[in-house]
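Numbering (numbering that gives the first Met the number 0), first residue to last: 0 to 139.
Each residue gets a CB set at the ideal place from its N, CA and C atoms; glycine is no exception.
Here the structure comes first, spelled out in structure tokens, and everything after it is commentary.
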Amino acid sequence: MSGIPSVVTDPERSRLMTRVRQKGTAPELVVRGILRSLHLGYRLQARDLPGSPDIVNRRRRWAVFVHGCYWHHHTSCRRATVPKRNHEFWTAKFAANRRRDARVVRDLRRRGYRVVIVWECETAAPDVLAARLERILAHR
0 MSGIPSVVTD
10 PERSRLMTRV
20 RQKGTAPELV
30 VRGILRSLHL
40 GYRLQARDLP
50 GSPDIVNRRR
60 RWAVFVHGCY
70 WHHHTSCRRA
80 TVPKRNHEFW
90 TAKFAANRRR
100 DARVVRDLRR
110 RGYRVVIVWE
120 CETAAPDVLA
130 ARLERILAHR
């Protein structure tokens, strides 16, 4: 492969972006496996709650979002880059995503939910993540 970046047309880029998975991603599967190993019951994609949490336990009132570091722009993560093409659009989009994420967390907390954000990069260290999830979710 040459060092020249490929140029993708806007319709082609749109088609590619629509194929980006929103559920059942590799990081989400890691988190689900950890929760199963901790014997914590959950349901997926609670569409009736603000932000449609990826994983939720209504009885214990906790919700987990598994955020991609790129799309949710994880601060100081190497994956949180901004494309050079259409830079202003992407900067505004990522800022809007972060504002929406903060609003969703606030709304869920007002409903009495504990909210955990798991970043994609955190799933690379499942033992550390498991200890964090157990500390937050298992003992309440």
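CB-CB length for residue i against residue j, believed under 8 Å
| i | j | result |
| --- | --- | --- |
| His72 | Asn56 | At roughly 27 Å, the Cβ-Cβ gap does not stay under 8 Å, so His72 and Asn56 are not in contact. |
| Tyr41 | Leu48 | No, Tyr41 and Leu48 are not in contact; Cβ-Cβ is about 13 Å, not under 8 Å. |
Identity of the residue in the options nearest residue i by Cα
| i | options | result |
| --- | --- | --- |
| Arg78 | Arg105, Tyr69 and Glu133 | Tyr69 |
| Arg102 | Ala124, Pro52 and Val127 | Pro52 |
| Ala25 | Glu133, Cys120 and Leu132 | Cys120 |
| Arg134 | Trp61, Arg42 and Phe88 | Trp61 |
| Cys76 | Arg131, Pro125, Arg59 and Trp118 | Trp118 |
| Arg108 | Gly50, His38, Arg46 and Leu43 | Gly50 |
Enclosing alpha helix (DSSP H) for residue i [first to last residue]
| i | result |
| --- | --- |
| Ile33 | Ala25 to Ser36 |
| Asp126 | Pro125 to Leu132 |
Opening and closing residue of the beta strand (DSSP E) in which residue i lies
| i | result |
| --- | --- |
| Ile54 | Ile54 to Asn56 |
**Asked** Quick one: complete alpha helix (DSSP H) runs, 4+ long, within the region 60-115?
**Response** DSSP runs (the alpha helix (DSSP H)) wholly in the region 60-115: 86-109.
**Asked** Can you find at least 3 beta carbon pairs, one from the region 24-43 and one from the region 58-67, that sit closer than 8 Å?
**Response** yes
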